[in-house]
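Undergrad:
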Amino acid sequence: MGQTASITQNKLVFSRVAAIAAAVFCVPESSLGPRSSPDNIESWDSLHHLSLVLALEQEFNVQFSPEEIEQLLSMELTTALLEEKLKGCGVPDAG
Numbered sequence: 047m048g049q050t051a052s053i054t055q056n057k058l059v060f061s062r063v064a065a066i067a068a069a070v071f072c073v074p075e076s077s078l079g080p081r082s083s084p085d086n087i088e089s090w091d092s093l094h095h096l097s098l099v100l101a102l103e104q105e106f107n108v109q110f111s112p113e114e115i116e117q118l119l120s121m122e123l124t125t126a127l128l129e130e131k132l133k134g135c136g137v138p139d140a141g
């Protein structure tokens, strides 16, 4: 995959993650960026974190290990981990 395709893929995955996160955290999608995290999203608590994990697993047809769930500490990290999982599955756009 070329650099342009990779950037496009990144934006696509991020936008899907942002849409899910906005629904889970009850915040406007426009308020979410790569640095959005539990530190700056009041509703991102442990219960909503698990809801986000489950929603992402369903949307992208992936499964996170307990260690991976602990790494989902920002929108940027979540998107990066999802992209790695999707590459590993050979699925460019699961959903």
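Adding 46 to a residue's 1-based position in the sequence shown gives its number in the working numbering.
Where is the CB? At the ideal position from N, CA and C, for every residue including glycine.
Around the C-beta of Ala-64, are 16 or more other C-beta atoms found within 10 angstroms, so that it is buried, or is it exposed?
TA: Translated into positions along the sequence shown, residue 64 becomes position 18. Buried, since its Cβ has 16 or more Cβ neighbours within 10 Å.
Undergrad: Just to confirm the assignment, what range does the alpha helix (DSSP H) spanning Glu-75 have?
TA: Numbered from 1 along the sequence shown, position 29 holds the residue referred to as residue 75. Per DSSP, Glu-75 belongs to no alpha helix (DSSP H) and is neither H nor E.
Undergrad: Over the uninterrupted alpha helix (DSSP H) stretch that includes Ser-97, give me the two end residues.
TA: Numbered from 1 along the sequence shown, position 51 holds the residue referred to as residue 97. Ser-97 -> alpha helix (DSSP H) spans 92 to 106.
Undergrad: Which of the three DSSP states is assigned to Glu-130 in this structure?
TA: The count along the sequence shown starts at 1 and reaches residue 130 at position 84. Correct three-state label for Glu-130: helix.
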